[in-house]
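**Student:** Under my numbering, think of the first position of the sequence shown as 43, with each following residue one higher.
We put the CB at the ideal spot given by N, CA and C, even for glycine.
None of these values were measured; they are calculated from a predicted model.
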Amino acid sequence: MPEQALYLSWRPLAFDEMVGQEHITRTLRNALRSDRVRHAYLFSGPRGTGKTTTARLLAKAVNCLHPDPDRRPCNECAACIAVNEGRFLDLIEIDAATHTGVDDVRDLREKVAFSPGEGRFKVYIIDEVHRFSGSAFDALLKTLEEPPEHAIFVLATTEIDKVPATIKSRCLQFEFRRFSVTEVADRLERIVEAEALHAERPALERIARQGGGSMRDSISLLDQIVTDPTELISLELVERVLGTASDAAVRALVEAVIAQDAASGLRVIQSAMDHGSDPRQFAQQTVEHLRAVLLAQMAGPELIEASEADRSLYAGQAAAIGRSSLLRALRAFNDAIAGTRGGWQPQLALELALVGSVRGAEEVVTVYAAPPAAHTPATAEPLPPALADHPGPHGITAAAINDRWDEVLRIMSRFSKTSPDVMKYFRAQRVEGNVVYLVAENETYFKRINPYPEKQSVIVRALREVFRVPFTLHLSLGGAAASPAEQPLDLNDPLLSAGAEYGAEIRRVDQ
Ligand SMILES: [Zn+2]
Numbered sequence: 043m044p045e046q047a048l049y050l051s052w053r054p055l056a057f058d059e060m061v062g063q064e065h066i067t068r069t070l071r072n073a074l075r076s077d078r079v080r081h082a083y084l085f086s087g088p089r090g091t092g093k094t095t096t097a098r099l100l101a102k103a104v105n106c107l108h109p110d111p112d113r114r115p116c117n118e119c120a121a122c123i124a125v126n127e128g129r130f131l132d133l134i135e136i137d138a139a140t141h142t143g144v145d146d147v148r149d150l151r152e153k154v155a156f157s158p159g160e161g162r163f164k165v166y167i168i169d170e171v172h173r174f175s176g177s178a179f180d181a182l183l184k185t186l187e188e189p190p191e192h193a194i195f196v197l198a199t200t201e202i203d204k205v206p207a208t209i210k211s212r213c214l215q216f217e218f219r220r221f222s223v224t225e226v227a228d229r230l231e232r233i234v235e236a237e238a239l240h241a242e243r244p245a246l247e248r249i250a251r252q253g254g255g256s257m258r259d260s261i262s263l264l265d266q267i268v269t270d271p272t273e274l275i276s277l278e279l280v281e282r283v284l285g286t287a288s289d290a291a292v293r294a295l296v297e298a299v300i301a302q303d304a305a306s307g308l309r310v311i312q313s314a315m316d317h318g319s320d321p322r323q324f325a326q327q328t329v330e331h332l333r334a335v336l337l338a339q340m341a342g343p344e345l346i347e348a349s350e351a352d353r354s355l356y357a358g359q360a361a362a363i364g365r366s367s368l369l370r371a372l373r374a375f376n377d378a379i380a381g382t383r384g385g386w387q388p389q390l391a392l393e394l395a396l397v398g399s400v401r402g403a404e405e406v407v408t409v410y411a412a413p414p415a416a417h418t419p420a421t422a423e424p425l426p427p428a429l430a431d432h433p434g435p436h437g438i439t440a441a442a443i444n445d446r447w448d449e450v451l452r453i454m455s456r457f458s459k460t461s462p463d464v465m466k467y468f469r470a471q472r473v474e475g476n477v478v479y480l481v482a483e484n485e486t487y488f489k490r491i492n493p494y495p496e497k498q499s500v501i502v503r504a505l506r507e508v509f510r511v512p513f514t515l516h517l518s519l520g521g522a523a524a525s526p527a528e529q530p531l532d533l534n535d536p537l538l539s540a541g542a543e544y545g546a547e548i549r550r551v552d553q
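1) From K93 to W52, what does the alpha carbon distance come to, in whole angstroms?
2) Is the beta carbon of G358 sitting closer than 9 Å to the one on V502?
3) Please indicate yes or no: does the CB of E118 lie closer than 8 Å to some heavy atom of ligand 1?
4) To the nearest angstrom, report how far apart E237 and Q327 are at their CA atoms.
5) In chain order, which alpha helix (DSSP H) runs of at least 4 residues are fully inside the region 109-140?
6) Give a yes or no on whether the C-beta atoms belonging to L48 and F57 are separated by under 9 Å.
7) Ordered along the chain, which non-local residues of its own chain (more than five positions away) have a Cβ less than 6 Å from that of L533?
8) Buried or exposed, going by whether 16 or more other CB atoms sit within 10 Å of the CB of T269?
9) Might you give, ordered along the chain, the residues of its own chain that have their beta carbon closer than 6 Å to the beta carbon of T67, omitting 5 neighbours on each side?
10) By the three-class DSSP mapping on this structure, what secondary structure does S51 have?
11) Of the residues I491, N476 and F375, which one's Cα is nearest the Cα of G307?
12) What residues match up with Q215 in a beta bridge as DSSP calls it?
13) Can you give me the C-alpha to C-alpha distance between K153 and I233, rounded to a whole angstrom?
14) Between A361 and the rest of its own chain, which residues show a CB-CB distance below 7 Å, the 5 nearest in sequence each way excluded?
15) Sorry if obvious, but does the Cβ on K102 come closer than 8 Å to a heavy atom of ligand 1?
16) Spell out the partners DSSP gives E474 in its beta bridges.
17) So the candidates are H240, F216, G254 and E393; which of them puts its Cα closest to the Cα of A314?
18) Could you have a look at A56 and say whether DSSP puts it in helix, strand or coil?
19) Ligand 3 heavy atoms versus the CB of L133: any closer than 8 Å?
20) Quick one: is F216 buried, meaning 16 or more other Cβ sit within 10 Å of its Cβ, or exposed?
21) Run through DSSP, which three-state label would E528 get?
22) Using only CA atoms, which one of Y467, L505 and V473 lies nearest to F488?
23) To which residues of the same chain is G62 closer than 6 Å at the C-beta, ignoring the five residues directly before and after it?
24) Check whether the Cβ atoms of G182 and I202 sit closer than 9 Å, and answer yes or no.
25) Report the option in D77, L517, L284 and A371 whose CA atom is closest to the CA atom of Q302.
26) Within the same chain, show all residues whose beta-carbon is closer than 6 Å to that of P158, passing over the 5 residues directly before and after it, in chain order.
27) Span of the alpha helix (DSSP H) holding S175?
28) Need the endpoints of the beta strand (DSSP E) that F195 sits in, please.
29) Roughly how many angstroms separate the alpha carbons of S525 and S518, rounded to a whole number?
30) Measuring from the CB of R114, is there a heavy atom of ligand 1 at a distance below 8 Å?
31) Decide if the region 134-151 is in contact with the region 169-179; the criterion is three or more beta carbon pairs, one per stretch, under 8 Å apart.
32) Compute the Euclidean distance between the alpha carbons of Q389 and R309, then round it to the nearest angstrom.
33) Among the residues of its own chain, which have a CB less than 6 Å from the CB of F509, if the five just before and after it don't count?
34) Among V196, R162, D146 and I194, which residue has its Cα nearest to the Cα of S177?
35) Tell me H516's beta-bridge partners as DSSP assigns them.
36) Have a look at E496 and R243 and give me their C-alpha separation to the nearest angstrom.
Spelled out as structure tokens, the structure:
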């Protein structure tokens with residue numbers, strides 16, 4: 043591994059290397075070619091989207107000594123090399139976060155009058171310019187009103203709304219957009235190849251999603267994850283290092299919300315925490331997922347940036363949940379993000395969000411008993427679980443799915459070799475809206491499908507081909523292994539009392 047941080051060694055040195063933001067680099071290159079570079083630019087956009095990188099490229103290009111303007115910056119001439127090595131005297135970078143005062147700007151105004159020492163242009167990059175004080179802005183404005191011929195100002199900000207209109211009107215403005223997951227993952231893939239590392243594509247996509255559209259953050263995350271260059275960067279490794287829950291866990295939680303099944307949801311949360319997921323991350327991932335479902339419901343899945351399989355998942359879930367339940371869940375988990383910070387039990391915020399999300403019209407929280415632990419006789423009368431189909435408008439029942447299961451398996455075999463063999467041992471138990479509840483005969487088969495979203499997407503696809511309905515799946519384990527012990531509910535459990543506070547009726551249901 044290089045000693046320098048990856049994101050520094052992979053900072054683009056030429057316009058060609060910039061990912062995304064083509065609208066900006068094209069305009070700047072045209073200006074360079076026709077020698078019509080402006081005296082003031084204002085770059086706005088989220089962090090890590092290439093604002094200062096572009097500013098440095100511009101500084102280098104206007105001072106580059108290469109005879110062909112199209113080849114500037116050449117990265118070979120004395121000026122380019124000096125900029126790349128951070129010792130070019132006419133590139134002045136000011137962090138407005140630490141130089142907020144009017145004196146700093148006065149100083150700048152005095153110095154800007156002097157001609158450049160080495161290059162053609164003095165380039166001032168003022169980062170986070172919105173942090174300037176009012177008087178600092180006034181002083182800057184005076185300079186921008188009458189800039190010396192040899193000066194170029196590039197102001198960069200993540201908060202364009204805080205930049206005074208008088209400043210904006212003096213600048214050519216460029217808005218930098220967030221990078222897409224694909225753009226970031228592509229870039230990471232190139233870095234991985236060039237650094238002779240080994241990574242799975244889904245792992246890189248997970249890093250990209252975590253980076254939230256920031257190239258710098260994503261590359262830094264990659265850097266953090268690589269400790270041993272020979273180790274494969276797998277999805278599992280990334281999830282472990284980042285403390286993110288697996289996609290399967292997030293998905294299972296959302297499915298529990300859709301099925302209004304608090305017990306499954308609580309188990310998903312518990313198991314994710316047991317596997318080292320960070321509660322806050324988990325809440326964020328759940329909000330992201332629910333937001334995608336909302337988008338699919340309101341505008342169609344085409345708008346969502348995701349793989350084909352994920353889009354069909356979101357579409358299926360969007361069809362299976364009502365708008366008000368979805369909004370309630372989104373709000374609850376969004377609030378939970380703040381609640382998971384600190385606190386003596388950050389996981390509780392997640393659990394409360396879940397309970398808040400599943401209180402349905404009839405205000406019932408279904409509580410399943412824990413797996414066998416003690417020989418305590420039941421004190422509550424076990425109620426039968428709701429096993430009847432509630433298929434909604436499409437009218438397809440569990441029996442109908444089981445009748446045509448061979449057909450589903452045949453279609454599955456077109457996409458996958460192993461899934462149909464294993465799926466032979468699953469049966470539809472009931473259909474709830476667009477959720478098909480599949481039960482595995484035994485744990486071995488269950489474990490071969492349940493943790494793998496890609497295998498489940500094959501089933502979803504086959505079901506869609508046979509029934510023309512975008513189903514989502516809920517997998518569970520049938521048979522003896524899954525029957526819960528009859529033990530009393532612990533009414534001191536904070537969750538149950540929270541449920542009761544929400545006005546829920548608490549009742550015990552055995553699977
Ligand atoms: Zn050059």
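**Tutor:** Quick answer:
1) Counted from its first residue, the sequence shown places residue 93 at position 51. Counted from its first residue, the sequence shown places residue 52 at position 10. Computed Cα separation, rounded: 15 Å.
2) As a first step, residue 358 is located in the sequence shown; it is residue number 316 there, counting from the start. As a first step, residue 502 is located in the sequence shown; it is residue number 460 there, counting from the start. Yes, the pair counts as a contact, with Cβ atoms nearer than the cut-off.
3) By one-based count along the sequence shown, residue 118 stands at place 76. At least one heavy atom of ligand 1 is nearer than 8 Å to the Cβ of E118, so yes.
4) Position 195 of the sequence shown, counted from the start, is the residue given in the question as residue 237. Position 285 of the sequence shown, counted from the start, is the residue given in the question as residue 327. If you take the alpha carbons of E237 and Q327, they lie about 30 Å apart.
5) 120-126
6) As a position in the sequence shown, residue 48 is number 6, starting the count at 1. As a position in the sequence shown, residue 57 is number 15, starting the count at 1. Not closer than 9 Å, so no.
7) Translated into positions along the sequence shown, residue 533 becomes position 491. With a pLDDT of 48 at L533, under the threshold of 50, the modelled position of that residue is not reliable, and no figure is offered here.
8) Counted from its first residue, the sequence shown places residue 269 at position 227. T269 comes out exposed.
9) Start at 1 with the first residue of the sequence shown, and residue 67 comes out as number 25. Taken in chain order, the residues that qualify are F57 and M60.
10) Here residue 51 refers to the residue found at position 9 when the sequence shown is read from its first residue. Three-state DSSP puts S51 in a helix.
11) On the sequence shown, position 265 is the one that residue 307 refers to. Checked all of I491, N476 and F375; the closest Cα to G307 is F375.
12) Within the sequence shown, the letter at position 173 stands for residue 215. Partner(s): L84.
13) If you number the sequence shown from 1, residue 153 lands on position 111. If you number the sequence shown from 1, residue 233 lands on position 191. If you take the alpha carbons of K153 and I233, they lie about 40 Å apart.
14) Within the sequence shown, numbered from 1, the residue matching residue 361 stands at position 319. Excluding residues within five positions, the ones whose Cβ falls inside 7 Å are N476 and P512.
15) Mapped onto the sequence shown, residue 102 falls at position 60. Yes, since a heavy atom of ligand 1 falls inside the 8 Å radius drawn around the Cβ of K102.
16) Start at 1 with the first residue of the sequence shown, and residue 474 comes out as number 432. DSSP output for E474 lists H432 and V477 as bridge partner(s).
17) Numbered from 1 along the sequence shown, position 272 holds the residue referred to as residue 314. Checked all of H240, F216, G254 and E393; the closest Cα to A314 is E393.
18) Working through the sequence shown from its first residue, we reach residue 56 at position 14. Three-state result, A56: coil.
19) Summarising the ligand content, the structure contains ligand 1 and does not contain ligand 3.
20) Indexing the sequence shown from 1 puts residue 216 at position 174. Result: buried.
21) Within the sequence shown, the letter at position 486 stands for residue 528. For E528, the pLDDT reaches just 37, beneath the cut-off of 50, and the residue's location in the model is therefore unreliable, although a value from the coordinates is still provided. If DSSP states are grouped into helix, strand and coil, E528 belongs with coil.
22) Indexing the sequence shown from 1 puts residue 488 at position 446. F488 has its Cα closest to that of Y467, out of Y467, L505 and V473.
23) Within the sequence shown, residue 62 is the residue found at index 20, counting from 1. Around G62: F221 and E225.
24) Stepping through the sequence shown from its first residue, residue 182 is reached at position 140. Stepping through the sequence shown from its first residue, residue 202 is reached at position 160. One detail in the question is off: residue 182 reads as Leu in this sequence, not Gly. Not closer than 9 Å, so no.
25) As a working mapping, residue 302 is identified with position 260 in the sequence shown. Looking at the Cα atoms, A371 is the closest of the given residues.
26) As a position in the sequence shown, residue 158 is number 116, starting the count at 1. For P158, where only same-chain residues beyond five positions count, the Cβ hits under 6 Å are D132, K164 and H192.
27) Numbered from its first residue, the sequence shown carries residue 175 at position 133. Premise fails: S175 is in no alpha helix (DSSP H) and is neither H nor E.
28) Within the sequence shown, residue 195 is the residue found at index 153, counting from 1. Here the beta strand (DSSP E) through F195 covers A193 to T199.
29) Reading the sequence shown from its first residue, position 483 is the one you call residue 525. Reading the sequence shown from its first residue, position 476 is the one you call residue 518. Here S525 scores only 39 on pLDDT, less than 50, and its place in the model should not be relied on; the value that follows carries that caveat. The straight-line gap from Cα to Cα measures roughly 11 Å.
30) Numbered from its first residue, the sequence shown carries residue 114 at position 72. Answer for R114: yes, Cβ within range of ligand 1.
31) yes
32) Stepping through the sequence shown from its first residue, residue 389 is reached at position 347. Stepping through the sequence shown from its first residue, residue 309 is reached at position 267. In a straight line, the C-alpha of Q389 is about 12 Å away from that of R309.
33) The residue labelled residue 509 in the question sits at position 467 within the sequence shown. Only I438 meet the Cβ criterion.
34) Along the sequence shown, one-based indexing puts residue 177 at 135. When each option's Cα is compared against that of S177, the closest is D146.
35) Counting from 1 along the sequence shown, the entry for residue 516 is found at position 474. Bridge partners of H516: Y479.
36) Here residue 496 refers to the residue found at position 454 of the sequence shown. Here residue 243 refers to the residue found at position 201 of the sequence shown. Looking at the two C-alpha atoms, the distance is approximately 13 Å.
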